[in-house]
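S.K.:
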Amino acid sequence: MKIAVFVSGTGTNLLNIIKKTKDGFLKSEVRLVISDRGCEAIEISRSGGIQTAIIDPKNYPDESGYGKVLMQNLEKCEPDLVVLAGFLKRIPNSVVKNFANRIINVHPALLPSFGGKGMYGMKVHRAVLDYGCKVSGATVHVVDTEYDHGPVLLQRCVPVKDDDTPESLASRIHQVEYEVLPEAIKLFEESRVEIEGRKAFIKW
Ligand code: GAR
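This is how it looks when you write it as structure tokens:
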């Protein structure tokens, strides 16, 4: 499969996906990395010879203009799957429609809790700790037109410890993201994902 990855930051999930394509766990290839800003993930991709594009929604008058430019870039590499790995902007409706059920996102909490607009990075983990949750985790879901909303594909829990800080919880959750995100990509490689309404089923 050809994969396009969207990123906004450090890119450790991107690095992990690339690693999994090299060690044979994944049969896919990362063909394109798109970001809304210059960031470490873009540097990693460039140094690995992967095609990159920085497309900042602020440079377009409306969502449809932004969507058009994203589509132009995506069409060049014709990805089978689009992976949001720490991408903090909403994907325009036109792109969601064109790649219906072929865009997945990883979120650092157990959705539908602690998700939605503005819930990203340390804010998520701080909210989980403030609420006093005993577990948190990672969710991989299929992307629809709302933030952190589409059908849940995979989830994995981690314990929340009494002495956790947002950073220590984030680090524990990152470790399970490095498992579930490649596993989700593999399910698409094996054509094992079926979406019915708001439910994602994994075929055995
Ligand atoms: C990941 O923890 C991912 O779940 C989160 O951003 C981090 C990116 O880390 N995504 C969101 O918060 C989206 N709502 P990385 O850049 O090191 O892969």
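Here our numbering is used: the first residue of the sequence shown is 13, the next is one more, and so on. The beta carbon of each residue, even a glycine, is placed where N, CA and C say it ideally should be. For clarity, every value in this text was computed on a predicted model and none was experimentally measured.
#1: Taking the beta carbon of F213 as the centre, do at least 16 other beta carbons fall within 10 Å, making it buried, or is it exposed?
#2: Alpha carbon to alpha carbon, how far is I116 from Q20? Give it in angstroms, no decimals.
#3: E90 lies in the alpha helix (DSSP H); which residues open and close that run?
#4: State the Cα-Cα distance for the pair L96 and F18, rounded to the nearest angstrom.
#5: Measure the Cβ-Cβ separation of V164 and N113 and say whether it is below 7 Å.
#6: For L199, does the three-state DSSP call read helix, strand or coil?
#7: Is it right to say K88 is buried, meaning 16 or more other beta carbons lie within 10 angstroms of its own, or is it exposed?
#8: Select from L193, D142, S125, K198 the residue whose C-alpha is nearest the C-alpha of G36.
#9: Within 10 angstroms of the Cβ of G79, are there 16 or more other Cβ atoms? Answer buried if so, exposed if not.
#10: What residue ranges within the segment 145-200 form continuous beta strand (DSSP E) runs of no fewer than 3 residues, ordered along the chain?
#11: Bridge partners of E41, per DSSP?
#12: Apply the 10 Å Cβ neighbour rule to I66 and answer buried if 16 or more other Cβ atoms are within range, or exposed otherwise.
#13: Let me check you understand the geometry: is the CB of H119 closer than 6 Å to at least one non-hydrogen atom of the ligand GAR?
#14: Which residue comes first and which comes last in the beta strand (DSSP E) that contains I214?
#15: Could you check which residue in S148, D156, T177 has the C-alpha nearest to that of G167?
#16: For E189, count neighbouring Cβ atoms within 10 angstroms of its own Cβ and tell me buried if that reaches 16, exposed if not.
M.R.: Concretely, from the data shown:
#1: Start at 1 with the first residue of the sequence shown, and residue 213 comes out as number 201. Exposed, since its Cβ has fewer than 16 Cβ neighbours within 10 Å.
#2: Taking the first residue of the sequence shown as 1, we reach residue 20 at position 8. Taking the first residue of the sequence shown as 1, we reach residue 116 at position 104. In the sequence as presented, Gln is not what sits at residue 20; that position holds Ser. Taking the straight line joining both Cα atoms gives about 15 Å.
#3: On the sequence shown, residue 90 is found 78 positions in, with the first residue counted as 1. Here E90 belongs to no alpha helix (DSSP H), and DSSP marks it neither H nor E.
#4: Working through the sequence shown from its first residue, we reach residue 96 at position 84. Working through the sequence shown from its first residue, we reach residue 18 at position 6. Taking the straight line from one Cα to the other gives about 5 Å.
#5: Numbered from its first residue, the sequence shown carries residue 164 at position 152. Numbered from its first residue, the sequence shown carries residue 113 at position 101. Taking 7 Å as the Cβ cut-off, V164 and N113 do not qualify as a contacting pair.
#6: Here residue 199 refers to the residue found at position 187 of the sequence shown. In the structure shown, L199 sits in a helix (DSSP, three-state: H, G or I).
#7: On the sequence shown, position 76 is the one that residue 88 refers to. Label assigned to K88: exposed.
#8: Indexing the sequence shown from 1 puts residue 36 at position 24. Cα-wise, what sits closest to G36 is K198.
#9: Walking along the sequence shown from the start, residue 79 turns up at place 67. By the neighbour-count rule (16 or more Cβ atoms within 10 Å), G79 is buried.
#10: 147-154, 164-171
#11: What you label residue 41 is simply residue 29 of the sequence shown in a count that begins at 1. According to DSSP, E41 bridges with K14.
#12: Along the sequence shown, read from residue 1 onward, the residue named residue 66 stands at position 54. Exposed, because fewer than 16 other Cβ atoms sit within 10 Å of the Cβ of I66.
#13: In the sequence shown, residue 119 corresponds to position 107, counting from 1. Correct: H119 has its Cβ closer than 6 Å to the ligand GAR.
#14: Working through the sequence shown from its first residue, we reach residue 214 at position 202. I214 -> beta strand (DSSP E) spans 211-214.
#15: Within the sequence shown, residue 167 is the residue found at index 155, counting from 1. Correcting the residue identity first, residue 167 is Gln in this sequence and not Gly. Considering only alpha carbons, the answer is S148.
#16: Locating residue 189 in the sequence shown gives position 177, where the first residue counts as 1. With 16 or more Cβ atoms within 10 Å of its Cβ, E189 is classed as buried.
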